[in-house]
Amino acid sequence: MADSSNKYPINAAGAYYVDDQCIDCDLCRETAPANFERNDEGGHSYVSKQPANDEEKALCEEALQGCPVEAIGNDG
Numbered sequence: 009m010a011d012s013s014n015k016y017p018i019n020a021a022g023a024y025y026v027d028d029q030c031i032d033c034d035l036c037r038e039t040a041p042a043n044f045e046r047n048d049e050g051g052h053s054y055v056s057k058q059p060a061n062d063e064e065k066a067l068c069e070e071a072l073q074g075c076p077v078e079a080i081g082n083d084g
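Take 9 as the starting number for the sequence shown in our numbering and just add one per residue.
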């Protein structure tokens, strides 16, 4: 399970975040490209934009559920 105390500071402020367990697998970026981006310097994903509508929220939840290392969290 993602740990909010280990989330990357680059995450957009809000409920969803990526923590330091991310293995840069690209699943979240493929699932919700409007909300997740890659930090090229750090070699990990992060939440670039919090979901703005129900469709984006559903895709973020799908990414959270599919994350192989449970690096995506939702504190909302």
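C-beta atoms are modelled at their ideal positions from N, C-alpha and C, and glycine is treated no differently.
For TYR25 and CYS68, believed in contact at Cβ under 8 Å, the rounded distance: Working through the sequence shown from its first residue, we reach residue 68 at position 60. Working through the sequence shown from its first residue, we reach residue 25 at position 17. Incorrect: roughly 10 Å between the Cβ atoms, too far for contact.
Through-space distance from GLU45 to VAL55, alpha-carbon basis: Translated into positions along the sequence shown, residue 55 becomes position 47. Translated into positions along the sequence shown, residue 45 becomes position 37. Taking the straight line from one Cα to the other gives about 7 Å.
Residue interval of the alpha helix (DSSP H) (run including GLU78): To locate residue 78, count along the sequence shown from 1; it is residue 70. Counting along the chain, GLU78 falls outside any alpha helix (DSSP H), and DSSP gives it neither H nor E.
4 or more residues per run - each alpha helix (DSSP H) lying fully within the segment 12–75: Listed in chain order, the alpha helix (DSSP H) elements of length 4 or more contained wholly in the segment 12–75 are 35–39, 62–74.
Residue from PRO41, MET9, ALA79 with nearest C-alpha to GLN58: Start at 1 with the first residue of the sequence shown, and residue 58 comes out as number 50. Closest by alpha carbon: PRO41.
Nonlocal neighbours in the same chain, by C-beta distance under 7 Å from CYS36, ignoring five residues either side: Taking the first residue of the sequence shown as position 1, residue 36 is located at position 28. Closer than 7 Å at Cβ, skipping near neighbours: PHE44, SER53, ALA71, CYS75, ILE80.
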